[in-house]
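Q: These protein sequence lines map, in sequence, to chains A and B. For the first sequence, position 72 (counting from the first letter as 1) is numbered 72 according to our numbering, and the numbering increases by one without interruption. For the second sequence, position 66 (counting from the first letter as 1) is numbered 1066 according to our numbering, and the numbering increases by one without interruption. Starting off with a structure, shown below.
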Amino acid sequence: KAGVTQTPRYLIKTRGQQVTLSCSPISGHRSVSWYQQTPGQGLQFLFEYFSETQRNKGNFPGRFSGRQFSNSRSEMNVSTLELGDSALYLCASSLTGDRYNEQFFGPGTRLTVL
Amino acid sequence: AQKITQTQPGMFVQEKEAVTLDCTYDTSDPSYGLFWYKQPSSGEMIFLIYQGSYDQQNATEGRYSLNFQKARKSANLVISASQLGDSAMYFCAMRGRNTGNQFYFGTGTSLTVIP
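And the structure:
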């Protein structure tokens, strides 16, 4: 079974631009979560999607948004990029998102904002 | 709110020895899951082991075992017979029913295995 895939793996943008990251979950998994990882803040939850609906949201500004498609693939978008948005963005999928389900992570997208 | 504390920023262990990585948590949720993940320098998070709050026995997965002490709210990871490939960051995480099953992560412990 193929794992979680994320594209692109690396991205370089400049301040003010916008970016879209893509995540394909493990086949059959309906829950997709996004995390931002930085050396200073660690792993921070962005949001979770389940069956095309945002089910949970972390404490991030509205510049961060996401969506999930009917095939469970998910995208996250960051508008008006700031230098502080430079981070590793991790996507994780789980079967239902229930507390007993482990999450499986993708390799991440490393975003650098110049 | 949930909180995960990992008090060991860095640990060293001799190859083939066992090592314990500490994790304590704070929650008022009666039902929750505890997880450990490994993150090598490549960046990908690898699921290691899971413990449910109602599980009576400590979880084990190969060389990994979870020392779960519910009353003390601790969920330490024990790695036996350390290998060079175990050098990585290790994250403790939990998710609970009352917080929408959102994952909360600790700050991580960097483990270095010395040959």
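Glycine residues also receive a C-beta, built at the ideal position from the N, C-alpha and C atoms. Here the structure is a predicted model, which means the values were calculated and not measured.
1. Excluding five sequence neighbours on each side, which residues of the same chain lie with their C-beta closer than 7 Å to the C-beta of Q17 of chain A?
2. Name the chain A residues that come within less than 9 Å of F1047 of chain B, Cβ to Cβ?
3. Give me the residue from A:G108, A:T112, A:V113, A:E102 with the minimum Cα distance to S31 of chain A.
4. Using a Cβ cut-off of 8 Å (strictly closer), state whether N56 of chain A contacts chain B.
5. Please work out which residues of its chain come closer than 6 Å, Cβ to Cβ, to L43 of chain A, disregarding the five sequence neighbours upstream and downstream, and give them in chain order.
6. Residues in its own chain within less than 6 Å of L1021 of chain B by CB, not counting five upstream and five downstream?
7. Tell me which same chain residues have a C-beta within less than 7 Å of the C-beta of S70 of chain A, skipping the five on either side of it?
8. Determine, using beta-carbon pairs with one atom in the segment 1022 to 1035 of chain B and one in the segment 1091 to 1099 of chain B, whether at least three such pairs fall under 8 Å.
9. Against chain B, with Cβ distances strictly below 8 Å, would F69 of chain A count as a contact?
10. Tell me Y1104 of chain B's beta-bridge partners as DSSP assigns them.
11. What does a CB cutoff of less than 6 Å around L114 of chain A pick up in its chain, not counting 5 residues either side in sequence?
12. Expressed to the nearest angstrom, what Euclidean distance is found between the alpha-carbon atoms of Q1006 of chain B and Q6 of chain A?
13. Nearest CA to the CA of G1052 of chain B: which residue from B:G1033, B:Q1069, B:A1059, B:S1042?
14. Quick one: what's got a C-beta closer than 8 Å to M1045 of chain B's C-beta in the same chain, skipping five residues either side?
A: Here's the rundown:
1. L81
2. E102, Q103, F104, F105
3. A:E102
4. yes
5. Y35, Q37
6. L1077, Y1090, T1109
7. E52
8. yes
9. no
10. B:M1094
11. T14
12. 28 Å
13. B:G1033
14. Y1037, K1038, Q1039, F1091
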